[in-house]
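**Q** Residue 98 in the UniProt record's numbering sits at position 98 of the sequence shown, with consecutive numbering throughout.
No residue lacks a Cβ here, since even glycine has one placed at the ideal position from N, Cα and C.
All figures in this text were calculated on a predicted structure; none of them were measured in a lab.
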Amino acid sequence: MSIDLGNLLQSQLGNVLGNFLTKQGESAENGAVAANLVLPSVVGGLLKNLNSRPENARNLFDLINGQAGQSLSGAVAQASEGTNWQSLISLGKTLLPNLFGGNAADVADEIANQSGISKAASGSLLALALPLVLSVLRGENLNMGQLLRVLGGQQEWLGGALNTGLLSALGIGSVSGLSSNVAALAANLGGTASAAAAAGSAAVAGAAAKKSGLGKWLALGLAALLALFAFKSCSGDKAAAPQQPAAASAPAEASAVDTPAAASEVQASNEPVPEPSAAAESSQAVADAADMARVVYENGVATFYFATAKADVAADADVVAAEVVQAGKDGKKLVVSGFADSTGNAAANEELSKNRAMAVKAFLEAQGVNADNIELRKPENTTGAVGNDVEGRRVEVRVE
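Pasting the structure below:
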């Protein structure tokens, strides 16, 4: 599905956000500029969030299309009438720290600097725009694969709309890298799950999120939606039947030398496995995507994630890690640190971690970084996040 999200958001929200700023005492001209800046900033923030962990895709989908998300259906209409602004802003302020990390304040300040509106108005604008963008996306009735393809297909728009200042405020090194990662996640889903089936994966998401700590923002956002919105159109809705949680399991990892002793990085589940369903297949697709090789650039650190039992660097690493590579070419030291899984055969895990660190070093050299500017440094704690095998399959590159 191809959607020109930039034009869609501008047509539905441009005037709404401009009118809001006018009511705050800002000029119409400055308000129009700010509205043009905040919309791509919100989408950029969503893309970055999706890149941080593949399972965030399920969380975002459930936030938009889940039962509580029904309240978003009337958000744009009410905001257009000038009502319910404060409730939407309160919701946005609840969700921003979780979707934007620590970058929300920087983004608001940058929008204020570039548009000429006050920082206070810019902060409220960003908080208002976030739930409105989610509302527009809900109105498109996208399944999870379609949602990811739409968000991942905005490279041309975001590449032109997000200037250097906004990219820096968002903590984004490369729009193309973010887009390609999300597009790859969408391709892995295969577009087979319908919106209804994907929404049914909320219980599966809860189990996985509890394990990784990601459910906190989703639960908070859904609770805020229920508390803040009481649209008449939703007053007669009946609660959905409770879902039975599906078991979540992770594959075992073997070492790069493929020996029996290397069958480590194993995570088992004692939960019963339910009958296959479209929702379970969608959930499994996201789990499979978490096992893909990928690179994330955030706050000056390039993090290389590896597939299970592999030491192959992601194909788009040259794009995502471009800033780190350039720093190395400019003579700065690049510190490469590998992490290992917290379970299984410790010796095999350590060996695989070394192989991955060496693979990243070789990648940097292939990009033109002098070997003298690359240091392999063992981190103080070589174990990735306990209970999270994805974090145990990573190598970080920092600039010193």
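Per DSSP, what are the beta-bridge partners of I374 in this structure?
**A** The partner list for I374 (beta bridge, DSSP) reads L334.
**Q** For S80 and V16, what's the separation of their Cα atoms in angstroms?
**A** C-alpha separation (whole angstroms): 5 Å.
**Q** Is it right to say S174 is buried, meaning 16 or more other beta carbons lie within 10 angstroms of its own, or is it exposed?
**A** Buried, by the Cβ-count rule.
**Q** So, are the CB atoms of V320 and A293 less than 8 Å apart?
**A** No.
**Q** Do you know offhand how far A307's Cα is from A28's?
**A** About 50 Å.
**Q** Let me know if D316 comes out buried or exposed under the rule of 16 or more other beta-carbons within 10 Å of its beta-carbon.
**A** With 16 or more other Cβ atoms within 10 Å, it is buried.
**Q** Ends of the beta strand (DSSP E) at V399?
**A** Run containing V399: R394 to V399, per the beta strand (DSSP E) assignment.
**Q** On the DSSP bridge assignment, give the partners of F304 in chain order.
**A** Looking at the DSSP assignment, F304 forms a beta bridge with V295 and V395.
**Q** Does the pairing of the segment 113-132 with the segment 148-155 give three or more beta-carbon distances under 8 Å?
**A** Cβ pair count under 8 Å is below three, so no.
**Q** If we require 4 or more residues per run, which alpha helix (DSSP H) segments fall completely within the segment 112-197?
**A** As far as the segment 112-197 is concerned, its whole alpha helix (DSSP H) runs of at least 4 residues are 119-139, 144-152, 155-161, 164-170 and 175-189.
**Q** Leaving aside the five residues before and after K333 along the sequence, list all residues of the same chain whose C-beta is less than 7 Å from its C-beta, in chain order.
**A** If we look at K333 and ignore the five residues flanking it on each side, its Cβ neighbours are N373, E375 and E400.
**Q** Just verifying my parser: in three-state terms, what is the DSSP assignment at E110?
**A** E110: helix per DSSP, three-state reduction.
**Q** Let me know the secondary structure DSSP gives N103 once reduced to three states.
**A** Coil.
**Q** For I3, collect the residues of the same chain with a Cβ closer than 8 Å to its Cβ; drop the 5 residues on either side in sequence, then sort them by chain order.
**A** E140, V150 and G153, listed in sequence order.
**Q** Answer yes or no: do K48 and G171 have a C-beta to C-beta separation smaller than 8 Å?
**A** Cβ atoms of K48 and G171: closer than 8 Å.
**Q** In angstroms, rounded to a whole number, what distance separates the CA positions of L37 and D389?
**A** Their backbone Cα atoms lie some 37 Å apart in a straight line.
**Q** Determine the burial state of Q86: buried for a count of at least 16 other Cβ atoms within 10 Å of its Cβ, exposed for fewer.
**A** By the neighbour-count rule (16 or more Cβ atoms within 10 Å), Q86 is not buried but exposed.
**Q** Judging by CA-CA distance, which residue of S71, G160 and A183 is the nearest neighbour of L50?
**A** Considering only alpha carbons, the answer is A183.
**Q** Pick helix, strand or coil for N7, following the three-state DSSP scheme.
**A** Helix.
**Q** Taking all protein chains shown into account, decide if N163 is buried (16 or more other Cβ within 10 angstroms of its Cβ) or exposed.
**A** Exposed.
**Q** Taking the C-alpha atoms as reference points, what is the distance between I64 and S179?
**A** One C-alpha to the other measures close to 20 Å.
**Q** In three-state DSSP terms, what is G44?
**A** Note: G44 maps to helix in three-state DSSP.
**Q** CA-CA distance, S73 and P131?
**A** If I take the Cα positions, the gap works out to 10 Å.
**Q** Does D318 come out as helix, strand or coil in the three-state DSSP assignment?
**A** Note: D318 maps to helix in three-state DSSP.
**Q** So does the segment 391-400 actually touch the segment 325-344, counting three or more Cβ pairs closer than 8 Å?
**A** They touch, by the three-pair rule.
**Q** With V136 and L9 assumed to form a contact (beta carbons below 8 Å), what rounded beta-carbon distance in angstroms separates them?
**A** Contact flag correct, Cβ pair sits at about 6 Å.
**Q** Alpha carbon to alpha carbon, how far is L88 from P54?
**A** Approximately 27 Å, taken between the alpha carbons.
**Q** Which of helix, strand or coil does DSSP assign to G328?
**A** DSSP places G328 in helix when its eight states are reduced to three.
**Q** Closest to A327 by CA distance: which of G368, A362 and A348 is it?
**A** For A327, the nearest C-alpha among the options comes from G368.
**Q** Taking the alpha-carbon of G31 as reference, which of S118, E391, L364 and L185 has the nearest alpha-carbon?
**A** Out of S118, E391, L364 and L185, S118 has the C-alpha closest to the C-alpha of G31.
**Q** Considering just the uninterrupted stretch of the alpha helix (DSSP H) at N84, what are its terminal residues?
**A** Careful: N84 lies outside any alpha helix (DSSP H) and carries neither H nor E.
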